[in-house]
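Asks: Okay, here's the structure, questions in a sec.
Protein chains: 2
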Amino acid sequence: MIGAGVKRGTAELAILSVLEEGPLHGYEMARRIEEQTKGALRFTLAALYPMLYRMEQRGWIRGAWETSQSGRRKRCYRLTPAGKKKLSPLRKEWAELFGALKRLTKVAHA
Amino acid sequence: MIGAGVKRGTAELAILSVLEEGPLHGYEMARRIEEQTKGALRFTLAALYPMLYRMEQRGWIRGAWETSQSGRRKRCYRLTPAGKKKLSPLRKEWAELFGALKRLTKVAHA
DNA sequence: CCCTTACATGTAAGATTCTTATATATAAGC
DNA sequence: GCTTATATATAAGAATCTTACATGTAAGGG
Chain A
53 MIGAGVKRGT AELAILSVLE EGPLHGYEMA RRIEEQTKGA LRFTLAALYP
103 MLYRMEQRGW IRGAWETSQS GRRKRCYRLT PAGKKKLSPL RKEWAELFGA
153 LKRLTKVAHA
Chain B
53 MIGAGVKRGT AELAILSVLE EGPLHGYEMA RRIEEQTKGA LRFTLAALYP
103 MLYRMEQRGW IRGAWETSQS GRRKRCYRLT PAGKKKLSPL RKEWAELFGA
153 LKRLTKVAHA
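Chains as they are written, first to last, in this note's numbering: chain A, 53 to 162; chain B, 53 to 162.
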């Protein structure tokens, strides 16, 4: 798994990205991120929940309590228009970082 | 320029990478990193100096005071064997992060 | 000679984001 | 009844960034 120092700052992009495909609750987000990156990128729930709270404060996502027929409560998040608008420049910034590090060091592009 | 949240954690890799080419002092490292990434990656010296200190504590780099003929003192850092050994897995970790984010989102590979 | 810019290093206060540990509670399967 | 999976949350602490402050030398122009 990718270490803490390296993956620092990726949670925001990861969350916005999985939410782009549709509304999700925190626990499921963590599962999808791990699954879609084949286990390379993994967030503990203790890191994820405060992050979701902060992103909601910033207006990028909006959470709503839902109770499934089984009786379990979930906080279902969806992208806000501001969140959608944020995703594109954020992706661009990450792409620029990749390019910069490639020029600086010899990081392979997978 | 790439924002603080995104570039977080890159200083370590950047420093080890520029030092791989030869010994350097802090001020010059900052200049080279900015130059080699065409201004995309930029570190303030206030971020760089404490980082150099921490990396020296960890045994990855070793600094030595030098006084140039002009009379200016510089702290010249060079990679230690441990620092050289650290570089390879660190690069691999960053490459894995790139791969993971590419799968997760639609970050272009520059 | 003075002033500004470039060189060169550092410290301090504060924000953000991660870690591990702890806590609670329901549902499903054995 | 017990364990595992689902689901959310908080707390203490570490690491890395930010801006602002602080110091001093060297070189070049006016």
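We put the beta carbon where it would ideally sit given N, CA and C, even for glycine. Because the structure is a prediction, the values reported are computed rather than measured.
Less than 6 Å between C-beta atoms, sequence neighbours within five positions excluded: which residues of the same chain meet that for His77 of chain B?
Replies: Your numbering for residue 77 of chain B matches position 25 in the second sequence. Excluding sequence neighbours, His77 of chain B sits near Lys126, Arg127 and Cys128.
Asks: Can you tell me whether Met81 of chain B is buried or exposed, with buried defined as 16 or more other CB within 10 angstroms of its CB?
Replies: In the second sequence, residue 81 of chain B corresponds to position 29, counting from 1. Met81 of chain B is buried by the Cβ-count criterion.
Asks: From which residue to which residue does the beta strand (DSSP E) around Thr119 of chain A run?
Replies: For the purposes of this step, residue 119 of chain A is identified with residue 67 of the first sequence, where counting begins at 1. Here the beta strand (DSSP E) through Thr119 of chain A covers Ile113 to Thr119.
Asks: Would you call the CB atoms of Arg130 of chain B and Arg114 of chain B closer than 8 Å?
Replies: Taking the second sequence and counting its residues from 1, the one referred to as residue 130 of chain B is at position 78. Taking the second sequence and counting its residues from 1, the one referred to as residue 114 of chain B is at position 62. The answer is yes: Cβ separation under 8 Å.
Asks: Using 10 angstroms around the beta-carbon of Trp117 of chain A, count the other beta-carbons present and answer buried if the total reaches 16, otherwise exposed.
Replies: Translated into the one-based positions of the first sequence, residue 117 of chain A becomes position 65. Flag for Trp117 of chain A reads exposed.
Asks: Name the residues in the stretch 140-153 of chain A whose C-beta lies less than 7 Å from a C-beta of chain B; which are they?
Replies: Arg143, Glu145, Trp146, Ala147, Glu148, Leu149, Phe150, Gly151, Ala152 and Leu153
Asks: Return the CA-CA distance between Lys164 of chain B and Ser122 of chain A, expressed in angstroms with no decimal places.
Replies: Examination of residue 164 of chain B is not possible in this model, given that chain B is present from 53 through 162 alone.
Asks: Nearest to Leu93 of chain B by alpha carbon, out of A:Leu93, A:Val159, A:Leu149 and A:Met103?
Replies: Counted from its first residue, the second sequence places residue 93 of chain B at position 41. Nearest option by C-alpha distance: A:Leu149.
Asks: What's the gap between the Cα of Gly57 of chain B and the Cα of Gly61 of chain A?
Replies: Translated into positions along the second sequence, residue 57 of chain B becomes position 5. Translated into positions along the first sequence, residue 61 of chain A becomes position 9. One C-alpha to the other measures close to 5 Å.
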